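In the numbering used here, the protein residues as written are 11 to 390.
A virtual CB, placed ideally from N, CA and C, is assigned to each residue, including glycine.
These figures come from a predicted structure and were not determined experimentally.
Quick notes on the structure that follows.
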Amino acid sequence: MDVNEGELLSVLRDLTEQDTTNPPGNEYLVSNVVKKFFLKNKIRFKIYEKKKNRTNIIGYIGRGKPTLILAVHSDVVPAGDGWNSNPFKMVMKSGKLYGRGMVDNKGQMACCLICAKMIKSLEKQMKGSMVIACVADEERGSELGLKYLVREKKISGDYAIVPDIENGMKRIAVGEKGLLFLKIISLGRQAHGSTPELGVNAIDNMLDFLNEFRRYKYRYRSDILFTPPTKSIGYINGGVAANVVPGKCEARLDIRYLPSTRKEDILKDIRNMFVGVKKKNNNASFRIEIMDDQKPFILDRNNVLTKSLVKNIRNVCGWTPEIYGTSGTTVAKPLAESGVMTAVFSPGEGKAHAANECVKISELVDFTKIIRMTAEDILF
């Protein structure tokens with residue numbers, strides 16, 4: 011069964027024209043397009059909203075087991091500057107499509123919808139069932155999207171394909187590093203800049219801590235699927251004027267760790283760094299806040315879903331994809347934590363979140379073929 015390229019482009023054009031920049035999201039705009047598609051193709055669906063206009067729409071084909079989820083998100087990051095065309099109008103040029111969301115994630119959504127239509131035509135032959143989840147809020151943490159749906163048991167399945175890390179379909183992620191976003195607050199005592207001895211410099215103490223953090227070595231076992239753990243100081247802010255001893259300084263840390271490392275050990279080590287700074291300055295005071303906390307996961311690389319994807323990518327694209335664990339986080343994480351065997355792969359290479367975001371038409375067509383063939387392997 012061939013992919014209808016014209017219909018694929020038409021659906022993607024409609025999705026691209028909906029401005030679902032997050033914030034504020036307004037994913038209901040994309041959900042309206044998806045709803046019309048589902049109604050036209052007689053695909054059952056349900057709509058869920060944790061917050062008004064932050065819409066999740068889920069389509070259903072078949073009623074048996076196993077269940078395969080295709081999970082895509084409706085929101086996009088702000089367009090920003092540097093575009094050669096309107097980011098919310100799909101532009102076709104030299105075999106590529108340009109527009110915000112082409113590879114993150116509206117291009118993949120269009121592919122999943124076309125795949126769903128193709129599977130729908132074979133519904134009577136299905137043993138299993140397909141779930142097409144077009145979810146909200148992925149770009150800002152998924153609290154209104156897939157995390158909410160999993161937590162409230164609005165979505166469940168046996169397998170899931172998450173097309174949300176652009177890798178040219180050359181890699182399949184079966185695991186993700188853990189993520190910790192931490193806010194560190196150094197509290198001092200404000201004083202006149204000419205008499206610093208009367209104050210406690212919160213920035214000085216923060217610098218002492220950050221120097222300790224930069225030297226920090228994780229305790230972990232290496233894993234052939236993952237690159238080593240990382241840490242990054244992503245934000246720092248403190249003080250009010252050059253002639254005022256700062257009474258407060260804030261830093262934000264990005265920590266990515268492997269499944270062999272415990273979050274509790276990292277937090278303990280950071281608190282021990284506070285103790286080290288206080289030995290130098292008894293007046294140093296720190297507070298730690300967890301801004302985001304996502305556990306790592308690793309799945310069996312030889313599971314049925316991954317084997318099917320490897321076979322079908324090889325048949326369609328002509329290469330054997332690498333199996334790996336990703337440093338980033340996707341909506342695969344809440345699905346995997348709920349017991350769903352999940353694989354992450356996608357068309358596109360290095361254009362997500364950039365100006366002039368683009369994808370090759372041929373990649374979208376190939377991606378649609380691969381997920382359709384994989385669905386047939388698992389559900390029929």
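Proximity to residue i [Cα-Cα], best of the options
{"i": "Lys317", "options": "Arg181, Gly138, Glu186, Ile300", "result": "Arg181"}
{"i": "Gly360", "options": "Glu207, Asp174, Val287", "result": "Asp174"}
{"i": "Val369", "options": "Pro33, Lys52, Ile381, Asn115", "result": "Asn115"}
{"i": "Leu192", "options": "Glu332, Ser166, Ala261, Asn366", "result": "Ala261"}
{"i": "Phe47", "options": "Glu17, Gly72, Val287, Val375", "result": "Glu17"}
{"i": "Ile280", "options": "Ser166, Arg229, Gly257", "result": "Arg229"}
{"i": "Ile1", "options": "Ser41, Ala143, Lys258, Leu235", "result": "The requested residue 1 does not occur in the structure, where the chain is confined to residues 11 to 390."}
{"i": "Arg266", "options": "Pro256, Pro306, Glu59", "result": "Pro306"}
{"i": "Asp310", "options": "Ser204, Thr352, Val160", "result": "Thr352"}
{"i": "Gly105", "options": "Phe390, Thr384, Leu374", "result": "Leu374"}
{"i": "Pro33", "options": "Ala81, Thr65, Arg150", "result": "Arg150"}
{"i": "Glu347", "options": "Val160, Leu197, Ile298", "result": "Val160"}
{"i": "Asp91", "options": "Leu78, Ile388, Glu367", "result": "Glu367"}
{"i": "Asn63", "options": "Leu132, Asn42, Val141, Gly203", "result": "Asn42"}
{"i": "Met102", "options": "Arg73, Leu235, Ser372", "result": "Ser372"}
Same chain only: Cβ atoms within 6 Å of residue i, ignoring 5 sequence neighbours per side
{"i": "Val354", "result": "Val172, Ile175, Ala183, Thr340, Ala342"}
{"i": "His83", "result": "Asn115, Val145, Glu148"}
{"i": "Pro76", "result": "Gly138, Asp168"}
{"i": "Gly178", "result": "Glu359"}
{"i": "Asn313", "result": "Met351"}
{"i": "Leu154", "result": "Lys60, Lys61, Arg64, Ala146, Asp147"}
{"i": "Thr384", "result": "Ser318, Leu319, Asn322"}
Presumed contact (8 Å Cβ cut-off) between residue i and residue j, rounded CB distance
{"i": "Lys290", "j": "Asp218", "result": "6 Å"}
{"i": "Leu25", "j": "Ala143", "result": "That belief does not hold up - the Cβ atoms of Leu25 and Ala143 are roughly 15 Å apart, past 8 Å."}
{"i": "Gly188", "j": "Lys273", "result": "6 Å"}
{"i": "Thr30", "j": "Val86", "result": "6 Å"}
{"i": "Pro256", "j": "Gly198", "result": "6 Å"}
Nonlocal neighbours in the same chain, by C-beta distance under 8 Å from residue i, ignoring five residues either side
{"i": "Asn9", "result": "Here the chain has residues from 11 to 390 only, and residue 9 is not among them."}
{"i": "Thr336", "result": "Ile175, Ala183, Gly185, Glu186, Lys187, Val354"}
Contacting residues, own chain, Cβ-Cβ under 7 Å from residue i (five flanking each side not counted)
{"i": "Val40", "result": "Leu25, Gln28, Thr30, Ser84, Cys144"}
{"i": "Tyr334", "result": "Arg181, Ala183, Leu235"}
Handout entry: Every unbroken beta strand (DSSP E) inside the segment 279-314 [3 residues or more]
Key = The qualifying runs are 295-304.
Problem - Any 3 or more C-beta pairs closer than 8 Å across the segment 66-81 and the segment 90-102 - result: By the criterion of at least three beta-carbon pairs nearer than 8 Å, the segment 66-81 is not in contact with the segment 90-102.
Problem - Cβ contact check for the segment 120-129 and the segment 15-35: 3 or more pairs under 8 Å - result: Touching, yes.
Handout entry: Cβ contact check for the segment 374-385 and the segment 320-336: 3 or more pairs under 8 Å
Key = Short answer: they touch.
Practice task
Please go through the segment 120-153 and give each complete beta strand (DSSP E) segment of 3 or more residues, from N-terminal end onward.
Solution key: Here the runs fully enclosed are 139-145.
Problem - Every unbroken alpha helix (DSSP H) inside the segment 202-269 [4 residues or more] - result: For the segment 202-269, whole alpha helix (DSSP H) runs of length 4 or above, ordered along the chain, are 212-224.
Problem - 4-residue-minimum alpha helix (DSSP H) runs that sit fully inside the segment 23-53, ordered along the chain - result: Entirely contained in the segment 23-53, the alpha helix (DSSP H) runs reaching 4 residues are, in chain order, 38-50.
Handout entry: 4-residue-minimum alpha helix (DSSP H) runs that sit fully inside the segment 151-193, ordered along the chain
Key = Runs of the alpha helix (DSSP H) inside the segment 151-193: 156-161.
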